[in-house]
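Numbering of the sequence shown is given in this note's numbering, commencing with residue -13 and proceeding in unit increments.
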Amino acid sequence: MKCIIYCFIALPLGLFAQYQVMSVAGVEPNQTIVTRYDKGFVIKNSGERMEGNIQLKVKKSDTVEVRFKGEDGKKVFSRNTLKAFGLLKTASDYREAKTPGKNFHPGTIVLKNGKQLNGRIAIRGLTDAEEYSFFYSSILLEKADKFVSIIPAEKIKKVQQHINGKTLVYENYKNGILQRIVDGPMIVMRNPFPTTARSGLNNLVNQAADSVAKEMAERSLERHLGDAVSGDAEAQDQIAEDLENARELSNTDARFMQNEYLIKTRAGDGVTIIQPDNFDSWVAGLKANCAALSDRRDLMKYNKIYALVRFYNTSCH
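(1) Just curious, the alpha helix (DSSP H) that N299 is in, first and last residue?
(2) In the structure shown, what three-state DSSP assignment does Y288 receive?
(3) Thinking just about the alpha-carbon of each residue, which of Y122, E57, H148, I149 is nearest to the one in N161?
(4) Would you kindly report the start and end of the unbroken beta strand (DSSP E) that includes K250?
(5) As an exercise, report each continuous beta strand (DSSP E) stretch of at least 3 residues that is fully enclosed by the stretch 59 to 122, in chain order.
(6) Could you check whether K273 and S267 sit closer than 8 Å to each other, using their CB atoms as the reference points?
(7) If M172 and V257 are in contact, beta carbons under 8 Å, what's the gap, nearest whole angstrom?
(8) Measuring CA to CA, which of K141, F133, Y298, L164 is closest to Q147?
(9) Along the chain, where does the beta strand (DSSP E) that runs through K273 open and close?
(10) Rounded to the nearest angstrom, what separates K132 and R106 at their Cα positions?
(11) Could you give the C-beta distance for V145 and I95, rounded to a whole number, given that I count them as a contact under 8 Å?
(12) Determine, using beta carbons only, whether N158 and A139 come nearer to each other than 8 Å.
(13) With a threshold of 16 other CB atoms inside 10 Å of the CB of P262, please say whether the residue is buried or exposed.
(14) What does Q146 pair with, by DSSP beta-bridge criteria?
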């Protein structure tokens, strides 16, 4: 089963404020988003809960309809007649992914408020596009009732996922989730917002930018349907941040950008962005603190940064 909520539109759209439709690519906000029907529920203002399949309609700036299909047929609710609505999906509703972390495995989610959630978890991408495949939007958590809860990235501080005897660690970065590719005293992650163009490719155009931004906008909608959507101020701010990330990622044109890396230490919260232009000076600082690096010229290359930091973690601490 396709594991995203589809939006049938021609251009990339996002959600802003209380489902205000805006374009990632600067198009006027006059399109209509209609999602695919998916397993879900609605709760009326009276408190009555109904389970079946739901579809959302977002038209222009503020109008939202929730279309419901159940045993008694179809019903259409205007947004202001509902207390909440959301998805009701189990782990089996999500298709098997090639990336192990996108499938359900035991793990732990630590929220920013200090609460800890345990269970089978799967990471969820902002988009399935390869160039952004390492920047995640949310974590899927299988609850005791077997339904999946979608935990948005902005609520998450840290995640651990246990796969085949190995522990993968993820953390929050700019309203998304990044995997620690190297974890230890020094941590390395990919930079989702690179600014260095690859040599010889800076004049090429990323023809898929619109479709990628569109998919990120769709995922923004899905993640805020995980348990219930109430349209409160916090949710509105989160959707606005999602839209900004979609814009920035789309404008980055990452297919033709050089990989950049985020470096931090467990001892501090500061992050250093490593690019080709500052790589040598950064390495010089490492060598000044670690004599063992003097004999490892094979590691002094930009494309060896993961191996370099792994060596530093084991030999210099």
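Think of the CB as a built atom: it goes at the ideal place given N, C-alpha and C, for glycine as much as any other residue.
In short, the structure shows the following:
(1) 291 to 301
(2) helix
(3) Y122
(4) 247 to 251 is the extent of the beta strand (DSSP E) around K250.
(5) List check, beta strand (DSSP E) in window: 59 to 64, 68 to 73, 91 to 97, 102 to 111.
(6) no
(7) The pair is not a contact, with the Cβ atoms about 12 Å apart (cut-off 8 Å).
(8) L164
(9) Segment 265 to 275 is the alpha helix (DSSP H) holding K273; no beta strand (DSSP E) there.
(10) 10 Å
(11) 5 Å
(12) yes
(13) Sixteen is the threshold: since fewer than 16 other Cβ atoms of the shown chains lie within 10 Å of the Cβ of P262, the residue is exposed.
(14) Bridge partners of Q146: T94, V155.
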